[in-house]
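For reference, the structure is listed below as structure tokens.
There are 2 protein chains.
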Amino acid sequence: MARLQEYNKEEVLKAATEVYWAKGYHGTSMQDLVEATGLNRSSIYNSFDSKLNLYLQTLKFYQKESGSLFQKALLKANNPLEAVQFIFEIFLPIIANEGLNKGCYVMSCKTELGKQEGKIQDWLLNNQENSINIFRDLVLEGQKLGNINTKQSADSYAYYLFSAFQGFRMTGILINDKLVLKEIIKNTIEVIK
Amino acid sequence: MARLQEYNKEEVLKAATEVYWAKGYHGTSMQDLVEATGLNRSSIYNSFDSKLNLYLQTLKFYQKESGSLFQKALLKANNPLEAVQFIFEIFLPIIANEGLNKGCYVMSCKTELGKQEGKIQDWLLNNQENSINIFRDLVLEGQKLGNINTKQSADSYAYYLFSAFQGFRMTGILINDKLVLKEIIKNTIEVIK
DNA sequence: TCACATTTGGAACGAACATTCCAAAATAAA
DNA sequence: TTTATTTTGGAATGTTCGTTCCAAATGTGA
Numbered sequence: 011m012a013r014l015q016e017y018n019k020e021e022v023l024k025a026a027t028e029v030y031w032a033k034g035y036h037g038t039s040m041q042d043l044v045e046a047t048g049l050n051r052s053s054i055y056n057s058f059d060s061k062l063n064l065y066l067q068t069l070k071f072y073q074k075e076s077g078s079l080f081q082k083a084l085l086k087a088n089n090p091l092e093a094v095q096f097i098f099e100i101f102l103p104i105i106a107n108e109g110l111n112k113g114c115y116v117m118s119c120k121t122e123l124g125k126q127e128g129k130i131q132d133w134l135l136n137n138q139e140n141s142i143n144i145f146r147d148l149v150l151e152g153q154k155l156g157n158i159n160t161k162q163s164a165d166s167y168a169y170y171l172f173s174a175f176q177g178f179r180m181t182g183i184l185i186n187d188k189l190v191l192k193e194i195i196k197n198t199i200e201v202i203k
Numbered sequence: 011m012a013r014l015q016e017y018n019k020e021e022v023l024k025a026a027t028e029v030y031w032a033k034g035y036h037g038t039s040m041q042d043l044v045e046a047t048g049l050n051r052s053s054i055y056n057s058f059d060s061k062l063n064l065y066l067q068t069l070k071f072y073q074k075e076s077g078s079l080f081q082k083a084l085l086k087a088n089n090p091l092e093a094v095q096f097i098f099e100i101f102l103p104i105i106a107n108e109g110l111n112k113g114c115y116v117m118s119c120k121t122e123l124g125k126q127e128g129k130i131q132d133w134l135l136n137n138q139e140n141s142i143n144i145f146r147d148l149v150l151e152g153q154k155l156g157n158i159n160t161k162q163s164a165d166s167y168a169y170y171l172f173s174a175f176q177g178f179r180m181t182g183i184l185i186n187d188k189l190v191l192k193e194i195i196k197n198t199i200e201v202i203k
């Protein structure tokens, strides 16, 4: 019926994510995206409507990718407490990757657009809910198994871990020392032990 | 000898900080700054050289302001442990100020420019060092008084608290529920008790 | 092979961008 | 009052911005 798309949407989103991640939303120009994706301007607008919508698509793409990273941590763990620890530790090599460390995509998004763009905020809230749910489920299961203490509710610990995780990602922007980061994780986990 | 400046530099920096804070560095245009400060373009360039340098000046201005906020917490406290708690709690009313909550200026700066602009990164590193020092001193004193446990070194706890504080500020961007935030503080403090 | 629907390339759009320039205004010392 | 020095106002700089437009290219179903 019609001409086919010549590019792979996943690859384009991956390339776009890289640019947005490195330069931020406002710091990224359409020209940057044209060069990074190899697509023509028209094709970008034809497929993604606008700079903002493309950004939103990269967020959803990123969510899938980082979600599988979380799954990897969960599978590797022998118990819920270890799972929480692994969720933090899985980012150690990424953070320590000196020079190439671009910080956390979600943190950048949150500080830059979290309070301004409605659709972005919706995504952030959904992403937040997901993260807290993961932590809550782990804590709940850990408390059932006696692996995690019951001094506070699973809800309370879930919010705490969510907050600590964000701090961990922020700290990793300028501190790449694995020993220091491991120490932070150890202290963080101590509360729920 | 020459014509006098008609404006107050502190007031200009305050106004500029407001804009940068609300819109981010790249999201702020020189036109925004002209309108917010009431200064003429020429005057801005005459006094601050460039958009980036003006931004750097607002960071230093902010550091002074937030420093006095920290001092307020320290003075109010009866002991080091309480001081740590107050440092967190002093931001509760600011975060809960629904609608007007613009997040943390330093977090925004870190995610947007922390890895790109050398001079900004220098400031961030200095600011980071200051914060960690404050926490370290408090922990050290608390450990001496027996108020804070000695299971880990003051250094280890300082980094932990620094990281947790950043997470707290990030969480406060989208979560304004005081009860939830207080719960996070309580769990955070529990480690060093 | 034709007709149709979509993608693609590349130029073009006006608006907004950070910065510069210069003459007019202002003031303090001479 | 003159001279020297700085600030101010506002226009103008050239560049880059996000987005649009349209003709050419393409591939599928008829």
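Protein chains in written order, with my numbering: chain C, 11 to 203; chain Z, 11 to 203.
Glycine included, each C-beta is placed from N, C-alpha and C at the ideal position.
The model shown is predicted, which means the values in this text are computed figures rather than measured ones.
Rounded C-alpha distance that separates residue i from residue j
i	j	result
A32 (chain Z)	L84 (chain Z)	28 Å
E122 (chain C)	Q95 (chain Z)	28 Å
K74 (chain C)	N136 (chain C)	13 Å
P90 (chain C)	F178 (chain C)	19 Å
F175 (chain C)	M180 (chain Z)	10 Å
I183 (chain Z)	A106 (chain Z)	9 Å
G48 (chain Z)	D59 (chain Z)	17 Å
E20 (chain C)	S53 (chain C)	14 Å
L23 (chain Z)	G34 (chain C)	24 Å
I158 (chain C)	I194 (chain Z)	17 Å
M117 (chain Z)	L14 (chain C)	44 Å
W133 (chain C)	K82 (chain C)	23 Å
A87 (chain C)	I142 (chain C)	18 Å
Where the alpha helix (DSSP H) through residue i begins and ends
i	result
A174 (chain Z)	164-184
C119 (chain C)	115-123
T198 (chain Z)	188-200
I54 (chain Z)	51-58
T160 (chain Z)	Careful: T160 (chain Z) lies outside any alpha helix (DSSP H) and carries neither H nor E.
I100 (chain Z)	Premise fails: I100 (chain Z) is in no alpha helix (DSSP H) and is neither H nor E.
N107 (chain C)	From DSSP, N107 (chain C) is part of no alpha helix (DSSP H); its letter is neither H nor E.
N137 (chain C)	128-155
Nearest residue (CA-CA) to residue i, options the options
i	options	result
G113 (chain Z)	Z:H36, Z:A25, Z:I185, Z:E21	Z:I185
F71 (chain Z)	Z:Q15, Z:F175, Z:Y115	Z:Y115
F199 (chain Z)	Z:H36, Z:I142, Z:F98	Residue identity check: residue 199 (chain Z) is Ile in the sequence provided, not Phe. Among Z:H36, Z:I142, Z:F98, the Cα nearest to that of I199 (chain Z) is on Z:F98.
I100 (chain Z)	Z:C119, Z:L110, Z:S78	Z:S78
F145 (chain Z)	Z:R51, Z:T68, Z:E92	Z:E92
T160 (chain C)	C:T68, C:K203, C:D147	C:K203
Y17 (chain C)	C:K120, C:V44, C:L102, C:N140	C:V44
T2 (chain C)	C:K120, C:I142, C:A25	Limits of chain C in this structure are 11 at one end and 203 at the other, which puts residue 2 (chain C) out of reach.
N111 (chain Z)	C:K125, C:N111, C:Y30	C:K125
S76 (chain Z)	Z:I104, Z:E108, Z:S57	Z:I104
F80 (chain Z)	Z:A46, Z:N140, Z:K120	Z:N140
ask   = If we count Cβ pairs, one from each stretch, closer than 8 Å, do we get three or more for the region 144-153 of chain C versus the region 141-158 of chain Z?
value = no
task = Inspect the CB distances between the region 126-134 of chain Z and the region 63-74 of chain Z and report whether three or more fall short of 8 Å.
result = yes
ask   = Are the region 182-199 of chain C and the region 157-177 of chain Z in contact at 8 Å, needing three or more beta carbon pairs?
value = yes
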